[in-house]
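Top to bottom, those sequences are chains D and A.
So for the first sequence, my numbering puts the first residue at 5; every next one is plus one.
So for the second sequence, my numbering puts the first residue at 5; every next one is plus one.
Take a look at the structure below.
Protein chains: 2
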Amino acid sequence: MPSTKAKRSPGGRGAGRIRRERCAAILAAAEQEFAQHGFRGTSTQAIADGCGLAKAQVHYYFETKEVLYRALLAQILDAWNCPLNAVSAADEPYDVLSRYIEAKLRLSWQSPQRSRIFAAEVMRGAPVLRDFLLNEQQGWVTRFSAAIDGWIGQGKMRQLDPLQLIFMLWSVTQHYADYEAQVLLLMQRERLTEEDLVRVSAEVCEFFLRGCGIDMPVVKS
Amino acid sequence: MPSTKAKRSPGGRGAGRIRRERCAAILAAAEQEFAQHGFRGTSTQAIADGCGLAKAQVHYYFETKEVLYRALLAQILDAWNCPLNAVSAADEPYDVLSRYIEAKLRLSWQSPQRSRIFAAEVMRGAPVLRDFLLNEQQGWVTRFSAAIDGWIGQGKMRQLDPLQLIFMLWSVTQHYADYEAQVLLLMQRERLTEEDLVRVSAEVCEFFLRGCGIDMPVVKS
DNA sequence: GTCTATATGGGGATAGAC
DNA sequence: GTCTATCCCCATATAGAC
């Protein structure tokens, strides 16, 4: 049982304070590097440089590069769950789709790196995320597909393959994150702003509602 | 002036035969590796193993890893130009869009690796392809956008941002290549077949035509 | 012209100092 | 509990043999 009267613990709560700060800094730096160069292409040295630590310190807090990578992926999937699961509460296809698109685009605007890390992981065959894709993601897709089929049955949207619609939702919304460099060059911008998000979100929403044959409600104005 | 009576040149035309064969084999192996692990994540050793050569042989035919990488990118851009430029001959938005979608999906089916190499290059900030994006690609986008604006002016499709439409075309068609691992898992397939291509192509075409508000011609049958 | 043997540096990881 | 000094391997690239 460790002593309760530890002398130094002014900022945080004792033992784990430095640890928490360092781990957070390492994860943040790792996010940058892995997003640009993938798992193999990233060196722990570059991560260490990115957060001003010595390479060996990184290996102290995360035993191996893969442990660090897995921790980062877990953090990313966590951060994605909240805003996207909150969406499926609504019942009307119009609400569900437009909210989902907006939430997903917002994620691409907020932290494009995370999408890129996910993309790179899938592009190398998803060795680490395979289980996640087969279990949680597969389940989510099945439920969402069932909802879409329900809407089709009720005549709320035209007949289409739910899975293909899901792929299109994902691809379009992630494009602004994964291909950000190309998007910025062609849009002749230095960075994507909140105004861009609103504009693109409206464009994409309308496109998908029309593509699905969903009647849009009359806009108040 | 080299001797015309060279003894050994049965298969190809003298000097460059072995060279051509080796270079082709190396480029093919490089395509696999770069597609999975990006520029930094790929080792010349892995490429050598992939084509059954010694590592140093790879360095003989391509002085550095970057030279090999650039050669591969050039080859990819070449292969993409032909089928996609042939599309823009037609005048009607219906024809242009549906042919473009089909051609681009076919590329994703035929050689998904190439799309992934392009994706990885853009994801790391496009240090090598920056010039290509700024010059040739920018020009293509400008011309295509002008065509779209023309169609909008003629009332052939609804008003929308041409650039966003282009991004959606790219993202959806490339998704099946870049995220192939995820697509295969969720579609519960081992590989994507020609039938899948036809089905997906039809789905995506209809979706885009509706999304753009383009009237579809009456189908004969 | 082609391939083998070799140099030099950076990679991930750890044993031990503080 | 935290960090520094060090290990060993694999990476790219080349000099020289064939």
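Backbone N, C-alpha and C fix where the C-beta goes; we use that ideal spot for every residue, glycine too.
Here the structure is a predicted model, which is why all the values come from computation and not from measurement.
Inside the region 28–73 of chain D, DSSP marks whole alpha helix (DSSP H) runs of 4 or more residues at positions 48–54, 59–65, from first to last along the chain.
Of all residues in the region 160–178 of chain D, those with a C-beta nearer than 9 angstroms to a C-beta of chain A are Arg162, Leu164, Asp165, Leu167, Gln168, Leu169, Ile170, Phe171, Met172, Trp174, Ser175, Val176, Thr177, Gln178, reading in chain order. Leu101 of chain D has a beta carbon lying at 8 angstroms or more from every beta carbon in chain A. In chain order, Thr48, Gln49, Ala52 place their CB closer than 7 angstroms to the CB of Lys59 of chain D, counting only its own chain and leaving out the 5 sequence neighbours on each side. For Gly154 of chain A, the closest of A:Ala32, A:Leu213, A:Glu96 by C-alpha to C-alpha distance is A:Glu96. At a cut-off of 8 angstroms between beta carbons, Arg26 of chain A makes no contact with chain D.
For the region 41–54 of chain A, the beta-carbon criterion of a distance under 9 angstroms to any beta-carbon of chain D is satisfied by His41, Gly42, Phe43, Arg44, Gly45, Thr46, Ser47. When Cβ-Cβ separations below 8 angstroms define contact, Met220 of chain D makes no contact with chain A. If you ignore the 5 residues before and after Val187 of chain A, its C-beta comes within less than 6 angstroms of the C-beta of Tyr180, all in its own chain and listed in chain order. Of the other Cβ atoms in all chains shown, fewer than 16 fall within 10 Å of the Cβ of Arg203 of chain D; this residue is therefore exposed. Taking the beta carbon of Ala185 of chain D as reference, the chain A residues within 7 angstroms of it are Val126, Gly129, Ala130, listed in sequence order. Closest by C-alpha distance to Ser102 of chain A, out of A:Thr177, A:Arg162, A:Tyr64, is A:Thr177. Here Leu133 of chain D is not near Leu173 of chain D, since their CB atoms are 8 angstroms or more apart. Interface criterion met: the Cβ of Gln142 of chain D is under 8 angstroms from a Cβ in chain A. By the neighbour-count criterion, in which 16 or more other beta carbons inside 10 Å mark a residue as buried, Asp219 of chain A falls on the exposed side. In the displayed model, Ser115 of chain D falls within coil according to three-state DSSP, outside both helix and strand.
Along the region 133–157 of chain D, the positions whose C-beta sits under 8 angstroms from a C-beta of chain A are Arg134, Leu137, Leu138, Gln141, Gln142, Val145, read in chain order.
Closer than 8 angstroms to the CB of Glu207 of chain A there is at least one CB belonging to chain D.
At least one C-beta of chain A is nearer than 8 angstroms to the C-beta of Phe211 of chain D. A residue is called buried once 16 or more other Cβ atoms fall within 10 Å of its Cβ, and Cys86 of chain A, having fewer, is exposed.
Straight-line spacing of the CA atoms in Glu35 of chain D and Gln117 of chain D works out to 7 angstroms.
Of A:Ile156, A:Trp113, A:Ile170, A:Ala185, the smallest CA-CA separation from Ala130 of chain D is found for A:Ala185. Listed in chain order, the non-local C-beta contacts of Cys55 of chain D below 7 angstroms within the same chain comprise Ala29, Ile30, Ala32, Ala33, local neighbours out to five positions each way being set aside. Distances from the CA of Phe122 of chain A to each of A:Phe43, A:Tyr64, A:Pro221 were compared; the closest alpha carbon is that of A:Phe43.
Collapsing the DSSP output to three states places Gly217 of chain D in coil. The criterion of a C-beta distance shorter than 8 angstroms is satisfied by Ser149 of chain A and Leu167 of chain A.
When Cβ pairs closer than 8 angstroms are counted between the two stretches, the region 102–115 of chain A is seen not to touch the region 58–74 of chain A, the count staying below three. Leu190 of chain D: member of the alpha helix (DSSP H) spanning 184–191, first to last residue.
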